[in-house]
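So the sequence shown is numbered by full-length UniProt numbering: it starts at 1 and just counts up by one.
Heads up, the beta-carbon is just placed ideally off N, CA and C, and yes, glycines get one too.
If you're wondering where the values come from, they're calculated on a predicted model, not measured in any experiment.
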Amino acid sequence: MPHTRDQDVPIRQLLAGMKGFRARYYERRPDSMRQLVEQGQKPKILMIGCSDSRVDPALLTEAEPGEMFVVRNVANLVPPYQPDGSYHGTSAAIEYAVRVLQVSHVIVLGHALCGGIQGLIRLRKGEPDQNDFVSPWVSIASAALDPYIPPAQGDTDEERRKAEFERLQQKPDVIERAAVRTSVDNLMTFPFVRERVEAGSLELHGWWFDLDSGDLWAINSQTKMFEPVD
Numbered sequence: 001m002p003h004t005r006d007q008d009v010p011i012r013q014l015l016a017g018m019k020g021f022r023a024r025y026y027e028r029r030p031d032s033m034r035q036l037v038e039q040g041q042k043p044k045i046l047m048i049g050c051s052d053s054r055v056d057p058a059l060l061t062e063a064e065p066g067e068m069f070v071v072r073n074v075a076n077l078v079p080p081y082q083p084d085g086s087y088h089g090t091s092a093a094i095e096y097a098v099r100v101l102q103v104s105h106v107i108v109l110g111h112a113l114c115g116g117i118q119g120l121i122r123l124r125k126g127e128p129d130q131n132d133f134v135s136p137w138v139s140i141a142s143a144a145l146d147p148y149i150p151p152a153q154g155d156t157d158e159e160r161r162k163a164e165f166e167r168l169q170q171k172p173d174v175i176e177r178a179a180v181r182t183s184v185d186n187l188m189t190f191p192f193v194r195e196r197v198e199a200g201s202l203e204l205h206g207w208w209f210d211l212d213s214g215d216l217w218a219i220n221s222q223t224k225m226f227e228p229v230d
C-alpha cells in the first residue's frame with residue numbers, strides 16, 4: 001500500500017505534543033523537571049489503569065510529571081501473586097511501586113464500555129475465540145461473573161443463563177465494577193502489599209469511571225460497595 005500524507009497526521013500530532021510538553025515543562029518550568037532528574041521520582045500513588053485510549057489516567061486526573069506511577073493493561077486487571085519465573089509485567093510494576101518507590105496508595109481504575117470486559121463476557125458465554133493473549137488475560141477476572149451467572153442445571157436454567165449473558169453484554173457495568181473489586185482483592189495476595197496494608201502504610205482503592213457521563217465511582221472502604229464520588 002502506498003504511503004500517504006494522511007498516515008503521517010497522527011505522528012505529526014504526537015511530535016507537536018512533545019514540543020508543547022518541552023516548552024511547558026523544560027522552558028517555562030525547568031526547576032520541576034530538573035528536580036525529577038536529579039532527585040528521581042517519588043510518587044505517592046500507583047495507578048493501575050486500562051490500555052483503552054479514552055481513559056488515560058494522567059489526563060483524567062490532571063496529574064503532573066512525577067505524581068503517579070502508572071501501569072496500564074487490558075481491562076485494568078491485577079493477576080494474583082504468582083512468582084513462577086514467567087513474564088509478569090503488571091506484577092513487576094506493583095512490586096517496584098510498593099517495594100522500591102514505597103507508594104502510599106494503589107488505585108485500580110476501571111471504566112465503562114471496556115472492551116476487555118466485553119471479551120470476558122463473550123468468553124464465559126462460550127463464543128468462538130481466536131485470541132492468543134487477550135482471552136487468557138481477561139480470564140483473571142472470570143470469578144467476577146460467578147454471582148451473576150449461576151451454573152446451569154437443566155434446560156430452563158440454561159435459557160436463563162443465556163438471557164443473563166445477553167443482559168450483561170448490553171449493560172456490562174456491573175461486571176466492570178466487579179472486576180475492579182476482584183483486582184483489589186488480588187492485590188492482597190501479594191505478601192509485600194498485604195504487609196503494608198495491615199501495617200497501615202498503604203491504602204488500596206477501587207475506582208470506576210463512567211465514560212458516558214464523566215462521573216467517578218469508588219469502593220466504600222466500610223461497605224465495600226461502589227458509590228459515586230462528589
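Note the first and the last residue of the continuous beta strand (DSSP E) segment covering residue i.
i, result
"Phe226", "226–228"
"Asn73", "68–73"
"Val106", "105–111"
"Leu216", "216–219"
Between the Cα of residue i and those of the options, spot the shortest distance and give me the residue it belongs to.
i, options, result
"Val98", "Ile117, Asp230, Phe69", "Phe69"
"Ala141", "Tyr87, Ile175, Arg29", "Ile175"
"Glu64", "Ser135, Phe133, Pro43", "Pro43"
"Gln35", "Ile117, Gly66, Ser51, Gln7", "Gly66"
"Glu127", "Asp212, Lys19, Lys162", "Lys162"
"Leu101", "Gln41, Gly115, Tyr148, Ser135", "Gln41"
"Cys50", "Val180, Gln153, Phe192, Gly200", "Val180"
"Gly119", "His105, Pro80, Gln169", "Gln169"
"His105", "Glu27, Ser221, Asp129, Leu202", "Leu202"
"Arg196", "Leu145, Glu95, Asp173, Val74", "Glu95"
"Lys224", "Ala199, Ala178, Ala23, Gln153", "Ala178"
"Ile121", "Glu166, His88, Ile107", "Glu166"
"Val184", "Pro80, Ala23, Tyr87, Phe192", "Pro80"
"Phe226", "Asp173, Asn76, Glu164", "Asp173"
"Pro136", "Val74, Glu38, Ala23, Arg29", "Val74"
Does the Cβ-Cβ distance between residue i and residue j come in under 9 Å?
i, j, result
"Trp190", "Ser91", "One detail in the question is off: residue 190 reads as Phe in this sequence, not Trp. Contact: yes."
"Ala16", "Ile48", "no"
"Asn186", "Val103", "no"
"Asp215", "Pro228", "yes"
"Val138", "Ile117", "yes"
"Thr182", "Ala218", "no"
"Asp157", "Pro147", "no"
"Leu46", "Ile107", "yes"
"Leu123", "Asp132", "no"
Need the endpoints of the alpha helix (DSSP H) that residue i sits in, please.
i, result
"Glu176", "173–187"
"Phe209", "Premise fails: Phe209 lies in the beta strand (DSSP E), 203–209, not in any alpha helix (DSSP H)."
"Ala199", "191–199"
"Glu64", "First-last for Glu64: undefined, no H or E at that position."
"Arg122", "115–125"
"Ser91", "89–95"
| request: Check whether the stretch 204–218 touches the stretch 101–111, taking contact to mean three or more Cβ pairs, one atom from each stretch, closer than 8 Å. | output: Yes, since at least three Cβ pairs between the stretch 204–218 and the stretch 101–111 fall closer than 8 Å, the two stretches touch.
| said: Which runs of the beta strand (DSSP E) at least 3 residues long sit entirely within the stretch 13–62? Give them in chain order. | reply: 45–50
| query | Hey, is the stretch 46–58 in contact with the stretch 70–87, meaning 3+ C-beta pairs nearer than 8 Å? | reply | With the rule of 3 Cβ pairs closer than 8 Å, the stretch 46–58 counts as touching the stretch 70–87.
| request: For the stretch 133–163, list the alpha helix (DSSP H) runs that are entirely contained and at least 4 residues long, ordered along the chain. | output: Unbroken alpha helix (DSSP H) stretches of 4 residues or longer found wholly inside the stretch 133–163: 134–138, given in chain order.
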